[in-house]
Structures are given as C-alpha cells and as structure tokens.
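Count along the sequence shown starting at 1, add 14, and that's the number in my numbering.
Structure first, commentary second.
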Amino acid sequence: MHKAGDVVLGGTFRIHFFSVLPDLSFTSDPQQPTCHGFDVVGFRRVQTMAFAIDEINRNSNLLPNVTLGYSLYDNCVKLGIAFRAVLSAVSGKEEQIILDETCAGTPPVIGIVGDPFSTHSLAISSVLGLFKVPMVSYFATCACLSDRQKFPSFFRTIPSDAFQVKAMIQILKRFGWSWAGLLVSDDDYGLQAARSLQSDLAHSGGGCLAYLEVLPWGNDPDKLRRIVDVMKKSTARVVIVFAHESYMMNLMEEVVRQNVTDLQWISTDAWTTTTVYQTPDLMPYLAGTLGIAIRRGEIPGFREFLLQMLPDLHHNNSYGNSMVNQFWEFTFQCRFAPPPSGWIEAGGTLCTGQEKLEDVETELLDVSDLRQEYNVYKAVYALAHALNDMLQCEPGRGPFSGHSCGNLKELEPWQLLYYLEKVNFTTTFGDQVSFDENGDPLAIYDVMNWLWLPDGTTKVQNVGEVKRSAFRGEELTIDEDKIFWNFESKKPPHSVCSESCPPGTRMARKKGKPVCCFDCIPCSEGEISNKTDAMECTSCPEDFWSSPQRDRCVPKKTEFLSYHEPLGIGLTAASLLGTCMCAVVLGIFIYHHRTPIVSYLATCSCLSDRQKYPSFFRTIPSDAFQVVRQNVTGLQWISTEVWTTATVFQTPDLMPYLAGTLGIAIRRGEIPGFREFLLQMLPDLHHNNSYGNSMVNQFWEFTFQCRFAPPPSDWIEAGGTLCTGQEKLEDVETELLDVSDLRQEYNVYKAVYALAYALDDMLKCEPGRGPFSGHSCGNLKELEPWQLVYYLEKVNFTTTFGDQVSFDENGDVLAIYDVMNWLQLPDGRIKVQNVGEVKGEELIIDEDKIFWNFKSKKPPRSVCSESCPPGTRMARKRGKPVCCFDCIPCSEGEISNTTNAMECTSCPEDLWSSPQRDHCVPKKTEFLSYHEPLGIGLTAASLLGTCMCAIVMGIFIYHYSTPIVRANNSELSFLLLVSLKLCFLCSLLFIGYPRLWTCQLRHAAFGISFVLCVSCILVKTMVVLAVFKASKPGGGTSLKWFGVLQQRGTVIVLTSVQAAICTAWIVSASPTPYKNTQYYNDKIVYECAAGSTIGFAVLLGYIGLLALLSCLIAFIARNLPDSFNEANLITFSMLIFCAVWVAFVPAYISSPGKYADAVEVFAILASSFGLLLALFGPKCYIILLRPERNTKKAIMGRGIQT
C-alpha cells in the first residue's frame, strides 16, 4: 500500500497470518510468495499509519509545505518476506520510486515503522544500522534490541521486555508469590525474556522458578504432554507465559485435555488482550489471568477516517491500494471484476465499491482498545517531529560538519537519526514521547485482569498500571478489589516452595534446591528471631534470656545477696567489723612502714614485681595460678613446644589439673661425649673477659657461690669465698650436667654440623668445575658468606643419633616432633613420657601408653554438636563455626548412610527410603497375583465359566438330535461355546507376574476370542432374519447367501480382520512389561504397557462395532413369528455385553495399577457370563426341565400352549 510524497516513510505489518513460499528448484524464475488468512486487526494498524500521515499532512504547524508519503508492506509472519520488503523500500527497487538523473534527492524511504516481531527486527535492524536508516518498532520488545553497539538505528514506542520482566516481579512481590513456573516460546522473544527473568529474580530476591519450559513451535503432543505434566506435579500455582499467541493454542488444548485448573496465569503484552483465548471452553482455566498490556490510547478522528476508506476500482494493485481491496473482499465476501473463474456460477457477488462499512460488523471499526495502533501512531509522529526539527535548523548553526543543516534535496537517513534521538513531544492523549540512550521509550504498562461474567462472556478490565519513575524505580499501582480470582476462595492463590518460618525459627536452605526452598530450624537456647523468615537467630543481651517460644528476650530472674535477709545482715556486720580492724592495722603499718610485709590473702600477680615491691612476700599463690583456685578440672590440655617439657608446672599442686596433658616437643637427641666435655670445662683465671671465657666464669661464680679475684667490695667481709678454679663440677648438683633430655641443645648441635658440612663441601670443589661464575670455586682466603649459603642449601647428612639433616626451599628442616604425655605416678611424681611422633603430617602414636586424667581413663569427648546419625544431614547453624550444626531428617525417598552426611541422596527409581532414612529398600511390588483374594476370586470365576461352557457343550452334544439344538445351525452354537470358553480362559493371562509373552498374548487372545464369539452371534442373527424372509413369497433367494459355507466364511473373515489388527499392533508397537513408579512413591506397579493406545482402541472399537451390528439386527428380528425366536435372546445378550464394555472404559482409565487389570478381567468375565447365560440358559432350561417343549411343533408354535 503506497502513497507518494516529498518524503516517504516505510512500514511492515502483519496483514496475513499464513504464507506459501515458492518452490526453489533453481530451474526457472521463482514465483512471488503468496499470503492468505486476512488479519483485520493487522490491517487496522496499517490504516493507523495512513491516518497519522494524513493528519500530519493536514497540520500546518508540523512539516509545513512538506507532504509525507508511505510505502506499507505485509510481512506475512515470515522473516524472509519482511526482510525483502524493507530492503526493497530503502534501496529504491520499487518500480514507482525513481530518483533524479543525478541520483540526488531524498532516498526512497528515510525511515521504517516496524517490524512487530522481535526476531524480524533483530535481522532487519542489524542491516539498516549499517546504513544509519532509522527503524521505529511498535511491538518488538526483546531486551536484546537495546544494544546500541549492534542496533544503533533502532527505536521503539513499546517498552522493552527488561521492564516487562521487572513489572512481572513487582506483581509477584505484591501478592507474595515466591514460587512460579515459566513457559517461554522457542524464539528470541521468549529465550531472552527467560534469561532476563532468571537474572532479575536472583538479584531482587523476589522468588524462584519451580520450572522453566520452552514451548514448541508446532504441534508436538509428546513435548506438550510432558510440559503439562510438569505443571500438574509442581507445587507452584502461578504460571508466567512469555510467548506469542500462536505458541499458546496447542498448549491450551493439552491443558484442557488434562483438565489442569487452579492455576494463576500471568500473561505478557503478547497475548494479554488477544480474544482468541477468551472462549467459554478456555475460561474455566484462564479466567482471572493477570497480564501486562501495552498502554491504551485514543486517536481522535480515526474511526471517521476508516469510514471514509474506499477501494481502488482501477485495479492498480501492482502499486496502489491493494490491501484495501483485499480487506473489502474479505469483509463483504465479494470479488472485484474480473472475478475468479467459477465465482459467479457459485453464487458469488461482485464488489461495487459502494458498500458501506457501517452496515457490517468488523473489528476494523472497534477503536475502543487501541494499544498497538497507539504505538504505531506515536512512531509515525516521532519520525515526523524529527524531520520537522531538522527542517527548522538555521543554516550555519546546524549540528553537522561545518555547522551545516539537513535539507530535503540531499536528505540522508543518518541526519534524521540524529534528530530522532532528541525527539520530545506530547500526544493529544497526553502521553510524553521521547527515547533514552538505548532507543527505548518512557516505560508504562497497563495491568489487565480477565473477568468472567455470569452470562459466560469475558471482559478484560484494567486494574492498575506499572511505570518507571526516575526516583522510585518500578512503581506498581493496582486496585485489588477489582481483580477477579478464579478460585473457590475468591482470593489470590498461595504459591510458595516452603512456608514462611515463624518467629522463633531461622531459615536453613535445602541442599540442591532453589533459595526459596528451606527448612525452619528452631533457635537455640539464649537466641531469638523476632521476625518471619529470619536468616539467623540473634543472641540475647547478657542480662536477658530467650522466651520459651524463642521469639523475644525476657529479663533473667535476678538473685542477689540482700541486706534484708539474715545472711546479708550477718555478713554486713562482719564486713564493718573487718573494716574497722583494717583501719587499726593500717595505722600500725604506717607507723612501722619499713617493716617487711608477709600477706596471707593478697593474690594480685602484680605484687610479684620485685622492683616495685622489694619487701613484699606472701604465703598464697598469685593469680597466675587462678585455675587452681576455681578448681577447673575435667579439661584435656594440649601444649606447644614452649611449655611441654617445662618443669615449673610439674608440681603436686597443679597435677590434678594438668596431669594427662598432651604436648608437642622438640625432637630429643643424644650427643655422645657431651657430659665428659662439660666436666672438662674450666674457668679463665687470667680474667681475659673482653674476648675469652667470661660466660664460664659467670657460670662458675653462680654454681659455686664464689667470686674471682678481685672480688666485689665487702664480699670477703660478708663471708663470701674466692673462686680458685679447682672446684669440681661433679661435686655439685647442677642442671648443666643433665644430658638426658637434650632438645634445643640437639638442634644447636645439628646447626653447627650443618654449617661445617657446607664449608667442607665448598672446600672439596675442584677448580674449573665449580658452581660460580666461570666455573670457579670458593676458597678460605676470599670466602664470601653467600658462597657458603649455596652449599648450605644442599647440605644432607645423618647425625650420630640417626637423624637426617637437610633443608627445603624455605630453609626449613625436615619437620619432626615428639608427642609427650604428662604421667602422674602413684608416688605423686611426674613423668613426661614420649607416646609418639609427628613426621611431616604423619602422626604415629601409642594410645595405650597415654595417661588420661579422667575417671573413665579414656579420651574426653569434645564436640560442638553431636554427630548426625545416618538418616539425617547436617545443616550449619547461622553465625556459628562449621562444627556447630543441626541434624535435619532426610525427606521421603532420600537417604544418608554415613555419619555427618552433608546432604541426602535420592534413592534409585526402583528403591525407596527405609523408615530410618539410612538405606534404600526395594519398593514393594504390586501386580494382580494368584495368591491374593482378588486374584483367587477372578481365577475361580474364570475356571467356573470354563466348566459351565464345558457342561453346556456336553448337554448339547448329548441332545444333539433334538430340535432346539439343531435349530439355527448347531455348528455355530458349538463354535460359540468354544469361543466363550476361550474368553473365560484368556482372562487368566491378565493375572500373575507380567511377562513379555503374556503382555503380547493377553489382548490378542482377548480380542480374537471375543470377535469369534460376536461373529458367531452376528451370523446366527443374520440367519434367523434370512430364514423368516425366505418364508415370505418371493424371498427364497435370500437363503442362498446364508448357507453353511457362507456362514463359516463370514465368521473366518470377521475373525481374520481382528487377527490382522492384533498382528499389526504387536509388530509395530508390541505391549511390553513395564515398571510403573508414577502411581505410588513407595511401590512399583508391574503392568503391561499397551505400546500403542491406538491399537488397543481399534481392537475394542472393532469388537464394539460387531456387537452393535448384532444388537441392531437382533432388535429388528425380535418380533418375527416363532415360539422360540432366538433374536430376543441375542438382543438381550448384546445389551448386557455393550453395557459391560461401555462401563469398562471410564472404570479402566480411572483405575490405577493392578486394579486396571482387575477391571478388564471383570469386564471379560461379566460379558462372557452374560452371553453364556442369556444365549444358552433358556435352551438348557428347556432341554433339562421342559423336554415336552423340545419338539419341532412346540418350537414352531403349533404344539404346546403355555
């Protein structure tokens, strides 16, 4: 659809629903694609653009002296067609668009309005962006189109899905729906929305997705059935659908088929206002839907413009108003001349162009709910305002190079793009139109609700709006009183994965589940949570304690020593007496202050400072030994190397507390000859203390309590002695000679030897083969410390005690420690014994040697939380170390078989959790067994029926020559009895453990047996009818078609058809044994899978067809003259047969597991007994009890009168 103008705008719209693409055989020129299925609403959007351009052309304030034209195209819902149309428009390939000879002038199309589909817009705008051609879409919502790097020339008058997703989250939060399902279409629109919704939900904490399913494009029954099964099984009662209406139709058919009700649907702008789903069939499921809809607007004068529309009577369809002509033919059901061949002959009428639109009902004139049309209207005006701003540019003050302006003769699309980014105007409806840096408009949506009225009609009502505020973000305004809820309670549904945790508990997330799924753990004593869904419990202040409900802190009960009780009074008196005594003593001490003080009660450790308190003594230990005062026992001490071997704590007073201590000690070693070396040590008598043996002299003076000459002044006068150097060390007790526990000394010994070995290795270096520059070696004359470091890094030797000495890259020696234990001997002495060692990270310990300072003489137990037994999992306590946890029982179907399991594991499909949840046990198996009462009863009934058939057959054989047996082909009667016996026996195949051969045989045997039975009845009925017709004048020829051979042949043919059906069924989709775990969680139902439901239905349908045919023919023959007319019996038996199998279908479908087999067996037995008793009961009665009626005359009605 085209209109000429100074400047032309292009547009792509959906005018037809379907398209047929040409066959691309590459052997001839391809034909143009053809489109069909006229879309009146899409055509209304085309007319909206035409109206907007016409209105602009009539507006003297906007684009004066400039006429806008348009080129509008149908995309036929195909990307290829839309792409071809846009490229034709912008490249000037349309035959009526011609540039000047100099190729100057405006481009054919300077801007595009469209495309409505996100996928189309992605492809088209990626190409138009290369040429800076502006494109303003009125319905493409994919958030991906906001990427200005990829789509620099794309704009839109509809908010992006990014805002729509945020609007959805606002609705979820408003109604407390934290658990929802998400269905998306398999295209850019749906998949981008899914990613955006998942991301925004995670960041906002607004909820979780119970499931995410992608809807198939076509009709894929298996996938749709699986998706609807997921919806049914999920606990989420809210379903969000991001899909176009074409994706939804097949889904809703499956929803209706499975009768999935009680769901709250959340719709997007793609289908909120569509009418295709607002039908009486779908309203029980979709009524109450909440949806996001495009902002509704009003366009004054639009309806009058539409009424003035007329078709093109000149048939200039190649470049004219062909869309109007197509609409006209669609609306008035006529054809313009020349009509298609056969149109007039078929009663069709010709279009005159004088038809009146106001005389017909058409969606075109419904302008009460303009949404996409309003977006088209704004898109056209946005381009017009941009063009108007450009043309108002003053020369020399323009925004382009050299401050130039754009003009119509040399107009470039990128110039229009510049002004389009800055557009800002207000529509006649009062809405502001502008674009942000991404080309998106000011975001605003209507919130709609599907109201189901009492008369069955549907009204889509506005219940609120969502808009983006610069200061408040996404703002939801909604009137909840107007919302229609399609639930019995008439209230919003409850849709959460886990119920809220009440005050007094905290949330503990379930392992492997979304964050919305959690357990509620009660707070520990002394902790509270005073709000719903608290993440952690908080400790009460020191003078408060938790209430029994753990939801608030209450003051602790107060207890103190009061002045008003006898004990307090007595102690107060004693205190005052003591105070007075202290004052007296203080006065005495002040008077005699130089006298030494010996305290018996002052314990402060600060009093041990001899510099400050040189004359203070006490007979009570200091506070350094406070552990003893408070009598803190029952602890296991672990010591470091610093004090493991210290003897200062190994006293009788401390042993009740420290006995049993386990500690790490430096490796003990032995140094042979060390004691003898010490004994040979002598002092320096020459007093060369500046560089000599002054340490030895100091030790000598300390050990022998003497002084070397010259002694200090007053030393001799005070009774001191002089050191001679001849004193003997072996004559005194000194720790110096105790070499039984050399630890730090052994490390000194190894350190000296390490340096010696390094020096030795360096001196062994061969000149010319050294490790230093020029292969040089180190030498004593020019020795540098760094040379010694090189060899020290490579030292490796073994001491005389057997320990290897070497250093790693960090200069650390091979780590080895002794593990020591403080043993308290019976005589009170202490022995620090070696009970093991630690090498690297390897611990070797002899537990039998360890002394435990506890009554049990066993290691103490020290854990924050007791181990979680099998059947539970650990849930860490909030704010506590990882060793502090609660034990949460595993859910049904999950187990943990280890202590302190981090999470529970699901049992395999054929197993279930034990009551203790600590192991998986085989699920109970269920099938129709011979050993249960139901199976025994059905088996007995089957065998009884078989025996009855045998008895009846015996009676008929014995009385074979009697008239009642010979009447109506006795051969068929015997064949009927055989088939009934097979029917009774085939029911046994449904009882017992299902195997492949029984599954394949049960329905085949059942189907063939019953068809054989019903075929015999049908032939007998037809024979009765033929006999009586033959008795009439001129009817003798009818019997020749029902001779014995024909009867046999009919039975064989009819039975062969069923045999062919069974064979085809077994070959194509054979029934197989199947373990069904869907009926029960803790049981496995063994059953036979039908393989093909169609096969089973055809088998039953064929039996039903023959039964109905037999019943009909027998009903026709019921009034034939005969004393014993068998047609009455056949009619009655067929009624029983049909009633049983009609009741069987719903009972079979609704019966789970083995009861479905029991229903089928019962139907087989009931129908077989009905046929046996109805057909052969009266005959056996006459044969056995009324033999006088078993004559030819009686049967013909001329003998006995009853």
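Don't be surprised by glycine CBs; every beta carbon is placed ideally from N, CA and C.
Any idea what DSSP makes of residue i, helix, strand or coil?
i: K527; result: coil
i: T1035; result: helix
i: E851; result: strand
i: A103; result: helix
i: C1000; result: helix
i: G119; result: Residue confidence for G119 is low, a pLDDT of 46 falling below 50, so the modelled location carries little weight; the figure read from the coordinates is stated next. In the structure shown, G119 sits in coil (DSSP, three-state: anything other than H, G, I, E or B).
i: T511; result: The residue you asked about is not Thr; residue 511 is Cys in the sequence shown. In this structure, C511 counts as coil in the three-state DSSP scheme.
i: N761; result: helix
i: Y627; result: For Y627, the predicted model reports a pLDDT of 49, less than 50, meaning its position is unreliable; a value from the coordinates is still stated below. DSSP places Y627 in coil when its eight states are reduced to three.
i: N1095; result: coil
i: P536; result: strand
i: A18; result: coil
i: H399; result: helix
i: A522; result: strand
i: V870; result: In the sequence on display, residue 870 carries Ser and not Val. Coil at S870, not helix or strand.
i: S42; result: coil
Look at residue i and residue j and say whether their C-beta atoms are less than 7 Å apart.
i: T665; j: A679; result: no
i: T1035; j: S1124; result: yes
i: I172; j: N402; result: no
i: A157; j: Q212; result: no
i: L1068; j: S1029; result: yes
i: F319; j: V381; result: no
i: L4; j: L197; result: A query on residue 4 cannot be resolved here, the shown segment of the chain reaching from 15 to 1216 and no further.
i: V252; j: W342; result: no
i: C530; j: G540; result: no
i: G25; j: L86; result: yes
i: G106; j: P122; result: yes
i: G850; j: V877; result: no
Which residue from the options puts its Cα closest to that of residue i?
i: E684; options: P799, G816, L676; result: G816
i: L957; options: V1156, F988, I1178; result: I1178
i: Y395; options: Q818, G410, I126; result: I126
i: H134; options: A96, K164, V150; result: A96
i: E906; options: I70, R1009, H933; result: H933
i: P929; options: E946, I909, P922, E940; result: I909
i: A889; options: L465, A301, E550; result: E550
i: L649; options: F868, V150, W1079; result: F868
i: E479; options: C534, D283, H578, K505; result: D283
i: P235; options: S448, I1005, M266, A66; result: M266
For the alpha helix (DSSP H) that contains residue i, what are its first and last residues?
i: I969; result: 947-972
In angstroms, rounded to a whole number, what distance separates the CA positions of residue i and residue j?
i: W10; j: R682; result: What is shown of the chain runs 15 to 1216, which leaves residue 10 out entirely.
i: V827; j: S820; result: 6 Å
i: L942; j: A154; result: 58 Å
i: F177; j: D373; result: 42 Å
i: H16; j: L467; result: 44 Å
i: K525; j: K1168; result: 36 Å
i: R1016; j: I1075; result: 14 Å
i: E855; j: G677; result: 16 Å
i: L1039; j: N1142; result: 12 Å
i: S139; j: P427; result: 14 Å
i: S210; j: A351; result: 53 Å
i: G221; j: N75; result: 51 Å
i: D752; j: L692; result: 10 Å
Locate the beta strand (DSSP E) running through residue i, then write down its first and last residues.
i: G195; result: 193-199
i: L1119; result: L1119 -> not in any beta strand (DSSP E); alpha helix (DSSP H) instead, spanning 1107-1130.
i: F724; result: The identity of residue 724 in the sequence shown is Pro, whereas the question assumes Phe. Unbroken run through P724: none, as it is neither H nor E.
i: S85; result: 82-88
i: W464; result: 458-466
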